[in-house]
Amino acid sequence: MGSQTQPLISRRRLLQVGGGLAAAGVLAACGRRSQDGEGGDDDAAGSTPEEPAEAPVANDGSRTELSLWIVDHDGEVRSRLEQDILPRFEEEHPQYRVSTRFSGWERYAEEVTTAFTGGVGPDVYQGGAVWVGQQVDRGWALPLTGYVADAAEWNWDDFTDGAREDVSVDGEIYAIPYRVAPRTLWYRSDILAEDGFTEPPTDWEQLREVANATVRRENGRIVREGFDTFLGGGPAWQGEMQTYWDFMHAAGGRFLSEDLSRCTLDEDPAVEALQFLVGLVLEDEVMPYPSFENQGELSALELGLTATGMMVELPDLRAREYAPDQAEFVRAAAPLRHAVQAAHIYVNKYFVSSGTKDPDGSWLLLQHLTSADNLETYSAASGYLSPRASQTTADYLTDNMRIVAEAGATGVPYPRHHNLLELFRPVSENLDRCFRGQLTASETLQRTVEEVNALL
Amino acid sequence: MTSAVTTRDRLATTSRPRHDWFQRALIVTATTIAFVWAVPLAWMVLMSLTPTDRIFAEGVPLGTMTTEHYRIAWSEINMPRLLTNSAIVSAAAIMGQTVLASMAGYAFARLRFPGRGVIFASLLITMMVPFEVLIIPLFQAVRWLPFFGGNNWAGSGGTGALNTHVGIALPNLITVYGVFLFRQFFLGFPRELEEAAIVDGASRQRFFWRILVPLAKAPMLTMGLLAFLWTWNDFLWPLVAARDADQFTVQIGLASFNEQFGTRWGPLMAGSVISTAPVIGIFLLAQRYFLNAGVRSGVKG
Amino acid sequence: MPSSSAGLAPVGRHPRAPERDGRRVRWRRIWDREAASAYRFLLVPLLLLALVKLYPFVYNFVLSVTRDSFGGDLGFVGLDNYRNTLSQQATVNALRNSIYLTALVVPLGTLLALFVALAANERTRFRAWIRLGFVLPMVTSVVVGSMVWGLILLPRGGLLNTALQTQGLNWLATPNLAMPAVAVVILWGAIGLNMLVFLAALQDIDTEVIDAAIVDGASYAQRIRYVVIPWIRPVLLFVVATLTITVFRSFGVIFVLTQGGPVQRTNTLVWEVYLNAFSYLRFNEAAAISGIMVSTILLLTTVYLRAIRRTEAS
Chain A
1 MGSQTQPLIS
11 RRRLLQVGGG
21 LAAAGVLAAC
31 GRRSQDGEGG
41 DDDAAGSTPE
51 EPAEAPVAND
61 GSRTELSLWI
71 VDHDGEVRSR
81 LEQDILPRFE
91 EEHPQYRVST
101 RFSGWERYAE
111 EVTTAFTGGV
121 GPDVYQGGAV
131 WVGQQVDRGW
141 ALPLTGYVAD
151 AAEWNWDDFT
161 DGAREDVSVD
171 GEIYAIPYRV
181 APRTLWYRSD
191 ILAEDGFTEP
201 PTDWEQLREV
211 ANATVRRENG
221 RIVREGFDTF
231 LGGGPAWQGE
241 MQTYWDFMHA
251 AGGRFLSEDL
261 SRCTLDEDPA
271 VEALQFLVGL
281 VLEDEVMPYP
291 SFENQGELSA
301 LELGLTATGM
311 MVELPDLRAR
321 EYAPDQAEFV
331 RAAAPLRHAV
341 QAAHIYVNKY
351 FVSSGTKDPD
361 GSWLLLQHLT
371 SADNLETYSA
381 ASGYLSPRAS
391 QTTADYLTDN
401 MRIVAEAGAT
411 GVPYPRHHNL
421 LELFRPVSEN
431 LDRCFRGQLT
441 ASETLQRTVE
451 EVNALL
Chain B
1001 MTSAVTTRDR
1011 LATTSRPRHD
1021 WFQRALIVTA
1031 TTIAFVWAVP
1041 LAWMVLMSLT
1051 PTDRIFAEGV
1061 PLGTMTTEHY
1071 RIAWSEINMP
1081 RLLTNSAIVS
1091 AAAIMGQTVL
1101 ASMAGYAFAR
1111 LRFPGRGVIF
1121 ASLLITMMVP
1131 FEVLIIPLFQ
1141 AVRWLPFFGG
1151 NNWAGSGGTG
1161 ALNTHVGIAL
1171 PNLITVYGVF
1181 LFRQFFLGFP
1191 RELEEAAIVD
1201 GASRQRFFWR
1211 ILVPLAKAPM
1221 LTMGLLAFLW
1231 TWNDFLWPLV
1241 AARDADQFTV
1251 QIGLASFNEQ
1261 FGTRWGPLMA
1271 GSVISTAPVI
1281 GIFLLAQRYF
1291 LNAGVRSGVK
1301 G
Chain C
2001 MPSSSAGLAP
2011 VGRHPRAPER
2021 DGRRVRWRRI
2031 WDREAASAYR
2041 FLLVPLLLLA
2051 LVKLYPFVYN
2061 FVLSVTRDSF
2071 GGDLGFVGLD
2081 NYRNTLSQQA
2091 TVNALRNSIY
2101 LTALVVPLGT
2111 LLALFVALAA
2121 NERTRFRAWI
2131 RLGFVLPMVT
2141 SVVVGSMVWG
2151 LILLPRGGLL
2161 NTALQTQGLN
2171 WLATPNLAMP
2181 AVAVVILWGA
2191 IGLNMLVFLA
2201 ALQDIDTEVI
2211 DAAIVDGASY
2221 AQRIRYVVIP
2231 WIRPVLLFVV
2241 ATLTITVFRS
2251 FGVIFVLTQG
2261 GPVQRTNTLV
2271 WEVYLNAFSY
2281 LRFNEAAAIS
2291 GIMVSTILLL
2301 TTVYLRAIRR
2311 TEAS
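Residue numbers (my numbering), protein chains in the order written: chain A, 1 to 456; chain B, 1001 to 1301; chain C, 2001 to 2314.
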């Protein structure tokens, strides 16, 4: 460390700076992401959409790249999409190329939200059952009414009422359904036969009768349920809340008022529905609370631990896949009738983003994905149900699926409020308290209405 | 002081190696707990070798083993590409967090400049905010970075550093924890050292790079390891910053085993073992260093 | 050791210290040079930190004091968002849960880390195993580690229930057990780093002091109590503070295992932030809740600091 004259830039310094630049250069080169970006200029959270950007020209020839974001496509379904449906689109429309991103529900929300708030949303993207209100409120979904009106051959009227209702807000269509999941009654024919029932229950009184007859107890503990609400996923998707929803529909009740400004669960039909459920669970004790959880992939129904339950189409799929010896006894029945016959319907759909670089192209892709042929392909491969009425009686459907598909005809979708998930929370929390015996039915709904209204 | 890395590693004695009952109890208990602590990892390895139908079975499934899961994990999600991406991003993080954090740590420790206290305090506070909260503005910042990815000088027109290795590595290039660690370490050195150097006419840079850095091997190693660890295991940021599958890192790839009909546990566990192996390997290598010299984070006073 | 008489005032004194004129002028030059050097050292690091830490933080803060507005006006609303979220049962519940989780993890975690570091500091043949056992969980990613724990906590077939003979017990779905289970998983991953920190601190202790204590006849336990603990007090504070921050920020475990359930029992502040931002798309509320989180952590840290000072005084 002598005190000789120092050069202007020390050699070490030079090395450092050079090294740093080199490293940065290498990294940038490695990760060079040339050609078209995605999406146009969606702006940050909440504002109105701007004009879509010019459709940029890609490196390879003159094809525009459309980005498609999909959730929950695995295995056979995914290969159908990648090897059959999408290539056919690219053939029919050679000016477009589709790049797909597959994700899972638990991380999809983050991907979509950051993408849109960052202004780089995809062109076409999948949305879940509660998405329409939210996407419209944020201005992220492109209205499709005009396109739909011009697509006579593609045939919007072929879609079931419930499906069409789910994607419409104030008369405008904002998404196209591609899959519906109606909820209906499921039962075990073998268990019912034990007590002499050859037909499944069709209304509430019959359900009560069947459930009480088929429940089995040992030493005061329930070993086989008469009815099951099926524990759902996370807090907002509790089985209890979903089951209550079905009974509420059947009683003619509604969650929100027509204008979405008020919670209407304190009205008579809704209260009646909960009182019935409480009677089943707490008075008759046909199931413990919480009900039996899944074991591996199978729920209580496929395992023969319950006689009846309300569910979407999953029991059929699960039984055939994981418990084939039980499959013939796992049966679907029409939704229970009370004041009306109605069931809940979950609708999965595709949106076009309002900032897409090429609205026409995105619509073409969406139209292709939801054409009658492709929906049939998708449905046959996945076991899920198509939203098209004409496909509710297709050949490839099992008997069970056909019954479930029919249930979809009476399906009632979620209201198009923009913040359903937050509104569901008081519902599921209070329902839990109710089923633990801490609140009566009317108290429960009273509190729920108060809390939901506070959020509205 | 320059013998910072000593072999003083016995709290007990310098002359009497016999432990009393309390020490013995301590050691035995700690060892037992250590083995218990390692059980989940052992379970992970076991599950990765267990056939799918036995994964949910009761009891410990020793017996039939299968390497099928590893085959799936390796080929189905393009593991080599994932590992490469993770490695590149982690390497960048290591470089950043050792070099840059030490520079900043030194500045905060030894150099006086206006606003030093305020800036440092603000940085400390940013540590308290969870990443989920910062991700949206960070995403926007990266997206609108000028001159990257087709952006002009004002940052518009392209997608910025998104979907590039630079962009994915960016939040991990420097952390406040690292700056804090180095600051603490450098605070432990006496000022006389610097004074001597300055009196002899050396510039601060020279002093830093020629004298301090060679002495800072311990925190450098620590931060390097931590940087590698944190970046390798980072999930949320690469998830949103990487838009094409060929930019995905290992953690994103593993997440794809969570499917609609439930998780594919076997391949997921196998993939996790593959992903954790490099990190464990590097830590084991560094273990020897820790064993002898200890990690002088200098966290004192 | 250089002499400090080469016309330079000791570098350790305040730049504005009254001095004779000649010295003060040289002082200023040194100080300016320091500031200039600082600039060279800090340019790149601070630029990066500003981009990836400060900017998002400030953005978030601004979000928390504005409302959702459409371009145009900023929509400044002062503390309204904070007031609104604090009046919601969900947020209060989340705050309570976060504090509960902290109370579960931090004391136990600190003690355990110290305990293990003490043991690992001894020259025994177990030492490598001890270190390894606790460092390994540190290297697994939070997501993967939580998923493995998910398998271990399975009601039927899970290792824990098998070991405890409690088949059928659903830890994560039982309201009173869910949070303790989450605490265990967080603890499992957090001990490693803190053990290393304590280990480093223990190795700093002068052997002379220890030897003196031994000569005085102190037992191991007494040495710990009267020599070690006082010596490493600042490190204790560091560990307690960083562990608190870790617990408050802990998102991955809840995300994988409980999603805030059952019935909101593991709904912590960070989970509430996540829900508001990504499920409800209410960014301003999310920012406000994160502001509450930061304030709580700051409050707790101040409490720790006071506690440490008080024990120092006594």
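A virtual CB, placed ideally from N, CA and C, is assigned to each residue, including glycine. On a predicted model such as this, the values are computed, not experimentally measured, just so you know.
Using the C-alpha atoms, what's the distance from residue 1172(B) back to residue 101(A)?
Sequence index remark: in the first sequence, residue 101(A) carries index 101 (1-based). Sequence index remark: in the second sequence, residue 1172(B) carries index 172 (1-based). In a straight line, the C-alpha of residue 101(A) is about 25 Å away from that of residue 1172(B).
Residue 1140(B) at chain A interface by Cβ criterion, 8 Å
Residue 1140(B) sits at position 140 when you count from the first residue of the second sequence. It does: the Cβ of residue 1140(B) has a partner Cβ on chain A nearer than 8 Å.
Chain B contact for residue 1(A) (CB, 8 Å cutoff)
Numbered from 1 along the first sequence, position 1 holds the residue referred to as residue 1(A). Below a pLDDT of 50, predicted positions are generally treated as unreliable, and residue 1(A), at 35, falls in that range; no measurement from the model is reported.
Please name the residues in the stretch 108–133 of chain A whose beta-carbon is closer than 7 Å to at least one beta-carbon of chain F, in chain order.
Although the question refers to chain F, the structure presented lacks it and instead comprises the protein chains A, B and C.
What did DSSP end up calling residue 439(A) once you bin it into helix, strand or coil?
For the purposes of this step, residue 439(A) is taken as the residue at position 439 of the first sequence. Here residue 439(A) sits in coil by DSSP.
Going along the chain, which residues of the stretch 1133–1159 of chain B sit with their C-beta nearer than 7 Å to a C-beta in chain A?
1135, 1136, 1139, 1140, 1143, 1149, 1150, 1158 and 1159
In the stretch 292–308 of chain A, which residues sit with their C-beta less than 8 Å from some C-beta in chain B, listed in chain order?
295, 296 and 297
State the start and end residues of the unbroken beta strand (DSSP E) segment that holds residue 187(A).
The count along the first sequence starts at 1 and reaches residue 187(A) at position 187. Note, residue 187(A): beta strand (DSSP E), 184–188.
Just to confirm the assignment, what range does the alpha helix (DSSP H) spanning residue 378(A) have?
On the first sequence, residue 378(A) is found 378 positions in, with the first residue counted as 1. Element bounds for residue 378(A): 372–382.
Residues of the stretch 318–350 of chain A with a CB closer than 9 Å to any CB of chain C: list them in chain order, please.
none
Would you kindly report the start and end of the unbroken alpha helix (DSSP H) that includes residue 244(A)?
Within the first sequence, residue 244(A) is the residue found at index 244, counting from 1. Its alpha helix (DSSP H) spans residues 239–250.
Spatial neighbours of residue 1093(B) within its chain, please: C-beta separation below 8 Å, excluding the five flanking residues on both sides.
Here residue 1093(B) corresponds to residue number 93 of the second sequence, with the count starting at 1. 1169, 1172, 1173, 1227, 1228, 1230 and 1231.
Around the C-beta of residue 2226(C), are 16 or more other C-beta atoms found within 10 angstroms, so that it is buried, or is it exposed?
Looking up residue 2226(C) in the third sequence gives position 226. By the neighbour-count rule (16 or more Cβ atoms within 10 Å), residue 2226(C) is not buried but exposed.
Could you name the residues of the stretch 1236–1270 of chain B whose beta carbon sits closer than 8 Å to any beta carbon of chain A, in the order they occur along the chain?
1236, 1239, 1240, 1243, 1244, 1245, 1247, 1255, 1256, 1258, 1259, 1260, 1261 and 1262
Interface residues of chain A around residue 2155(C) at Cβ under 7 Å?
Counted from its first residue, the third sequence places residue 2155(C) at position 155. Result: 293.
Interface partners of residue 1279(B) on chain C, CB under 7 Å
Counting from 1 along the second sequence, the entry for residue 1279(B) is found at position 279. 2139, listed in chain order.
Which complete beta strand (DSSP E) runs does the stretch 250–338 of chain A hold, if anything under 3 residues is left out?
308–311 and 330–333
Evaluate contact between the stretch 191–202 of chain A and the stretch 326–341 of chain A, counting only Cβ atoms and requiring at least three cross-stretch pairs below 8 Å.
yes
Classify residue 1163(B) as buried or exposed, calling it buried when 16 or more other Cβ atoms lie within 10 Å of its own Cβ.
What you label residue 1163(B) is simply residue 163 of the second sequence in a count that begins at 1. Its Cβ being crowded by 16 or more others within 10 Å, residue 1163(B) is buried.
Same chain, Cβ closer than 8 Å to residue 1047(B), five either side skipped, listed in chain order
On the second sequence, position 47 is the one that residue 1047(B) refers to. So the list reads 1055, 1265, 1266 and 1269, once near-sequence residues are dropped.
Can you pull the chain A neighbours of residue 1082(B), defined as C-beta to C-beta under 9 Å?
By 1-based counting over the second sequence, the position of residue 1082(B) is 82. Result: empty, since nearest Cβ-Cβ is about 14 Å, beyond 9 Å.
Under 8 Å: do the stretch 2195–2208 of chain C and the stretch 2166–2181 of chain C share three or more Cβ pairs, one atom per stretch?
no
Mind listing the chain C neighbours of residue 1106(B)? Cutoff is C-beta to C-beta under 7 Å, in chain order.
Locating residue 1106(B) in the second sequence gives position 106, counting from the first residue. Near residue 1106(B) (Cβ distances below 7 Å), the residues of chain C are 2041.
Look at the Cβ atom of residue 136(A), then the Cβ atom of residue 173(A), and state whether they are nearer than 8 Å.
Here residue 136(A) is taken as the residue at index 136 of the first sequence, counted from 1. Here residue 173(A) is taken as the residue at index 173 of the first sequence, counted from 1. No, the pair does not count as a contact, with Cβ atoms beyond the cut-off.
Which residues mark the beginning and the end of the alpha helix (DSSP H) in which residue 64(A) is found?
What you label residue 64(A) is simply residue 64 of the first sequence in a count that begins at 1. Counting along the chain, residue 64(A) falls outside any alpha helix (DSSP H), though it belongs to the beta strand (DSSP E) covering 64–71.
Give the straight-line distance between the Cα atoms of residue 212(A) and residue 157(A), rounded to the nearest whole angstrom.
The residue given as residue 212(A) occupies position 212 in the first sequence. The residue given as residue 157(A) occupies position 157 in the first sequence. If I take the Cα positions, the gap works out to 43 Å.
I want to see whether chain A comes within less than 8 Å of residue 1283(B), judged by CB atoms only; does it?
Stepping through the second sequence from its first residue, residue 1283(B) is reached at position 283. Closer than 8 Å: no.
Go to residue 1196(B), then tell me how far its alpha helix (DSSP H) extends in each direction, as first and last residue.
As a first step, residue 1196(B) must be located in the second sequence, where it is residue number 196. Its alpha helix (DSSP H) spans residues 1191–1199.
Given residue 209(A) as reference, the closest of 82(A), 184(A), 218(A) and 192(A) once Cα atoms are compared:
As a first step, residue 209(A) must be located in the first sequence, where it is residue number 209. Considering only alpha carbons, the answer is 192(A).
Using the Cα positions of residue 263(A) and residue 450(A), report the straight-line distance between them to the nearest angstrom.
Here residue 263(A) refers to the residue found at position 263 when the first sequence is read from its first residue. Here residue 450(A) refers to the residue found at position 450 when the first sequence is read from its first residue. Straight-line Cα distance between these residues: approximately 8 Å.
Cutoff 8 Å; reference residue 1182(B); Cβ partners in own chain excluding five residues on either side:
Start at 1 with the first residue of the second sequence, and residue 1182(B) comes out as number 182. Excluding residues within five positions, the ones whose Cβ falls inside 8 Å are 1101, 1102, 1104, 1105, 1106, 1109, 1216, 1219 and 1223.
Do residue 291(A) and residue 329(A) have their C-beta atoms closer together than 8 Å?
The residue given as residue 291(A) occupies position 291 in the first sequence. The residue given as residue 329(A) occupies position 329 in the first sequence. Against a cut-off of 8 Å, the Cβ pair of residue 329(A) and residue 291(A) comes out as no contact.
Run through DSSP, which three-state label would residue 1130(B) get?
One-based indexing of the second sequence puts residue 1130(B) at position 130. Reduced to three states, the DSSP call for residue 1130(B) is coil.
I need the DSSP call for residue 2250(C), collapsed to helix, strand or coil.
Taking the first residue of the third sequence as 1, we reach residue 2250(C) at position 250. Coil, per DSSP.
Stretch pair the stretch 2078–2094 of chain C + the stretch 1147–1156 of chain B: three plus CB contacts closer than 8 Å
no
Compute the beta-carbon to beta-carbon distance between residue 2095(C) and residue 2183(C), rounded to the nearest angstrom, for a pair I have assumed lies under 8 Å.
On the third sequence, residue 2095(C) is found 95 positions in, with the first residue counted as 1. On the third sequence, residue 2183(C) is found 183 positions in, with the first residue counted as 1. Rounded, the Cβ-Cβ distance is 17 Å, inconsistent with contact.
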